[in-house]
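The sequence shown runs 8 to 127 under my numbering.
Built from N, CA and C at the ideal position, the CB exists for glycine as well.
Everything numeric in this text was worked out from a predicted model, so none of it was measured.
Beneath this line is the structure, given in structure tokens, with notes to follow.
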Amino acid sequence: MGKSKAGARIRTEVIRLVGLVPEGKFTTYGSLATHMNVVPLHVASVLSNLTEEESATLPWHRITASDGRISPRMSPATARKQRDRLRAEGIKTDKNGFIQNPDDHYHFPGPRRTVRWSAP
């Protein structure tokens, strides 16, 4: 995502929304994107470009692919870290990274908003 005003606003909102996902819950890139009225790639881009400090403090591990699994696009080391953090919060995954009993752990971020990110 570029350094545009819209990009900065989207980044700020992704970080805010990820911070609101409660411990022991997860949501998806797509659910956040739908709520924000952007595409999932915007959310994924923000999360894949967190600073070291943001990565240490933000619960990014609570965001999964649309099918409720740890993204297969992630590096193995990052996927392990996500799996370990989810497990520490009581969320189990199978050997392929799919969250078990997803309905018990899903966090709904809210309905689609009518946000125009490029507006002043």
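>> With a threshold of 7 angstroms on Cβ separation, who are the neighbours of Ala-40 within its own chain once the five nearest residues in sequence on each side are excluded?
In response: As a position in the sequence shown, residue 40 is number 33, starting the count at 1. So the qualifying residues of the chain are Val-46, Pro-47, His-49, Val-50.
>> I need the straight-line Cα distance from Asp-101 to Pro-109, nearest angstrom please.
In response: As a position in the sequence shown, residue 101 is number 94, starting the count at 1. As a position in the sequence shown, residue 109 is number 102, starting the count at 1. Using only the alpha carbons, I get a separation of about 12 angstroms.
> Would you call the CB atoms of Tyr-36 and Ala-72 closer than 9 angstroms?
Replying inline: On the sequence shown, residue 36 is found 29 positions in, with the first residue counted as 1. On the sequence shown, residue 72 is found 65 positions in, with the first residue counted as 1. Yes, Cβ-Cβ distance for Tyr-36 and Ala-72 is below 9 angstroms.
>> Output needed for Glu-30: all residues of its chain with C-beta closer than 6 angstroms, excluding positions within five of it in sequence on either side, in chain order.
In response: Taking the first residue of the sequence shown as 1, we reach residue 30 at position 23. These residues qualify, in order along the chain: Glu-96.
>> Would His-42 and Gly-117 qualify as a contact pair, given that the criterion is a beta-carbon distance under 9 angstroms?
In response: If you number the sequence shown from 1, residue 42 lands on position 35. If you number the sequence shown from 1, residue 117 lands on position 110. Yes, the Cβ-Cβ distance between His-42 and Gly-117 is below 9 angstroms.
>> Taking the alpha-carbon of Lys-32 as reference, which of Pro-66, Ile-17, Arg-23, Leu-57 has the nearest alpha-carbon?
In response: Here residue 32 refers to the residue found at position 25 when the sequence shown is read from its first residue. Comparing alpha carbon positions, the residue from Pro-66, Ile-17, Arg-23, Leu-57 closest to Lys-32 is Pro-66.
> So the alpha helix (DSSP H) Thr-41 belongs to, where does it begin and stop?
Replying inline: Indexing the sequence shown from 1 puts residue 41 at position 34. Its alpha helix (DSSP H) spans residues 36-43.
> What is the residue span of the alpha helix (DSSP H) that Ile-17 lies within?
Replying inline: Taking the first residue of the sequence shown as position 1, residue 17 is located at position 10. Note, Ile-17: alpha helix (DSSP H), 12-26.
> How is Arg-120 classed by DSSP in three states: helix, strand or coil?
Replying inline: Translated into positions along the sequence shown, residue 120 becomes position 113. Coil at Arg-120, not helix or strand.
> Do Leu-93 and Arg-69 have their C-beta atoms within less than 9 angstroms of each other?
Replying inline: In the sequence shown, the residue the question calls residue 93 occupies position 86. In the sequence shown, the residue the question calls residue 69 occupies position 62. Yes, the Cβ-Cβ distance between Leu-93 and Arg-69 is below 9 angstroms.
>> Counting C-beta neighbours from all protein chains within 10 Å, is the total for Gly-9 16 or more, i.e. buried, or is it exposed?
In response: Here residue 9 corresponds to residue number 2 of the sequence shown, with the count starting at 1. Here the model assigns Gly-9 a pLDDT of 48, short of 50, so the residue's position is not dependable and the matter cannot be decided.
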